[in-house]
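Undergrad: In terms of this note's numbering, the sequence shown opens at residue 77 and continues consecutively.
Virtual Cβ for every residue (Gly too), placed ideally from N, Cα, C.
Here the structure is a predicted model, which means the values were calculated and not measured.
Got a structure for you, written out below as structure tokens; questions coming shortly.
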Amino acid sequence: MNSIPNLQEILVNIVTDLIGQLVSFVPRLVSAVIILLIGVLVAKLVKKIVQTVLAKVGLDRIGEKLNEIDLVKSLNRPVKISAVIAQVLFFFIILIFATAATELVRIAALTDLIVGVTRLIPKLIVAGIIIVVGLLIADSLKKLVISLCQSFNIKGGRMLGSLVFFFLFVITLINALGQTGLNTQLLESSFMLLVGGTIFAFAIGYGIASRDVLANILSSFYSKNRYRTGQVIQVDGVKGTIMQLDTTSLTLRTEDTITVLPLQTLQTRTVIIYEPAAEAV
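What follows is the structure, encoded as structure tokens:
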């Protein structure tokens, strides 16, 4: 016949086990808290030293260039590279000490979580570097496109520059996300499909709208060696002296007026050139 369990004995054993676990856990918890406090002190000291050193070596100049980018300006939060790097290093050191603390208190789930975050930090740093470099390159190319459009008197240069900036920035962002371990294959496919359609539509629309401008630009290559400032010509019924010859237009001074003609007129109309000797006669 089975004996009835002694309830009092069972309760005593449970309480004894709990007290034993608590007695063994409290010293580990105290040690973990001490480790965390030491980690905070070390992290603050390292953060201060690193930020001071990076500021003195001139790393914040990169931040000044970033703050000049329109996208960064819209955030209304100036970027200071030395402070960002020092703050990231601060959290990295805290996580290292937190890993040691959680291992000491033997909480496996929390330890695995902190270890995973700690391993992610270097990837985030690399992703941040990619974004910074990508922003600088995209902004430089944007300014280059705007400058080229202005030099050729092409309208819409700022819009073209913004499109180039947006295209490069999105590519940079996708690469940065991929660096962190995220699967960006679907995002890349969708973006390339969107870009392809946009470029195709833009090329057709802009090509039709700017065909006259492009024709004038092409005419400048054929006309720059044949015509010069000060030369007397007659074109499209207008006779005068060439005052200016740029990439898109021709400026003629007549006796009473100044006439501006598109350069493609020189290719599509009959042009009479008056030589100096003929003028003298």
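Are L321 and Y303 touching if we call contact CB-CB under 7 Å?
TA: Indexing the sequence shown from 1 puts residue 321 at position 245. Indexing the sequence shown from 1 puts residue 303 at position 227. Yes. Within cutoff.
Undergrad: Roughly how many whole angstroms lie between the Cα atoms of I205 and T335?
TA: The residue labelled residue 205 in the question sits at position 129 within the sequence shown. The residue labelled residue 335 in the question sits at position 259 within the sequence shown. Those two C-alpha atoms are separated by around 54 Å.
Undergrad: Using a threshold of 7 Å, state whether the C-beta atoms of T248 and I197 are closer than that.
TA: Along the sequence shown, read from residue 1 onward, the residue named residue 248 stands at position 172. Along the sequence shown, read from residue 1 onward, the residue named residue 197 stands at position 121. For T248 and I197, no; Cβs fall outside 7 Å.
Undergrad: As a quick exercise: from I90, S158, L147 and L171, pick the residue whose alpha carbon is nearest that of L117.
TA: Start at 1 with the first residue of the sequence shown, and residue 117 comes out as number 41. Nearest C-alpha to L117: L171.
Undergrad: Between the segment 209 to 218 and the segment 236 to 251, do three or more beta carbon pairs fall short of 8 Å?
TA: Counting Cβ pairs under 8 Å, three or more are found: they touch.
Undergrad: Identify the residues that DSSP records as bridge partners of T317: which are they?
TA: As a working note, residue 317 is residue 241 in the sequence shown. Answer by DSSP bridge pairing, in chain order: V308 and R329.
Undergrad: Taking the beta strand (DSSP E) that P154 falls in, what are its first and last residues?
TA: On the sequence shown, residue 154 is found 78 positions in, with the first residue counted as 1. Premise fails: P154 is in no beta strand (DSSP E) and is neither H nor E.
Undergrad: Less than 7 Å between the beta carbons of A108 and L189, yes or no?
TA: As a first step, residue 108 is located in the sequence shown; it is residue number 32 there, counting from the start. As a first step, residue 189 is located in the sequence shown; it is residue number 113 there, counting from the start. Contact flag unset, no.
Undergrad: Based on DSSP bridge pairs, tell me the residues matched to V160.
TA: For the purposes of this step, residue 160 is taken as the residue at position 84 of the sequence shown. Answer is none; V160 lacks a bridge partner.
Undergrad: Should Q255 be flagged as near chain C, meaning a C-beta pair shorter than 7 Å?
TA: Looking for chain C here will not work: only one protein chain is present.
Undergrad: Would you call the CB atoms of I114 and L135 closer than 7 Å?
TA: On the sequence shown, position 38 is the one that residue 114 refers to. On the sequence shown, position 59 is the one that residue 135 refers to. No.
Undergrad: Under 7 Å, do T175 and V164 count as touching if we go by C-beta distance?
TA: Taking the sequence shown and counting its residues from 1, the one referred to as residue 175 is at position 99. Taking the sequence shown and counting its residues from 1, the one referred to as residue 164 is at position 88. Not a contact, by the Cβ cut-off of 7 Å.
Undergrad: Could you name the residues of the same chain whose beta carbon sits closer than 7 Å to that of A356, not counting the 5 residues immediately before and after it, in chain order?
TA: Counted from its first residue, the sequence shown places residue 356 at position 280. Low confidence applies to A356: its pLDDT is 41, below 50, so where it sits in the model is not reliable enough to give any reading.
Undergrad: Return the CA-CA distance between I348 and I309, expressed in angstroms with no decimal places.
TA: Position 272 of the sequence shown, counting from 1, holds the residue named residue 348. Position 233 of the sequence shown, counting from 1, holds the residue named residue 309. Straight-line Cα distance between these residues: approximately 5 Å.
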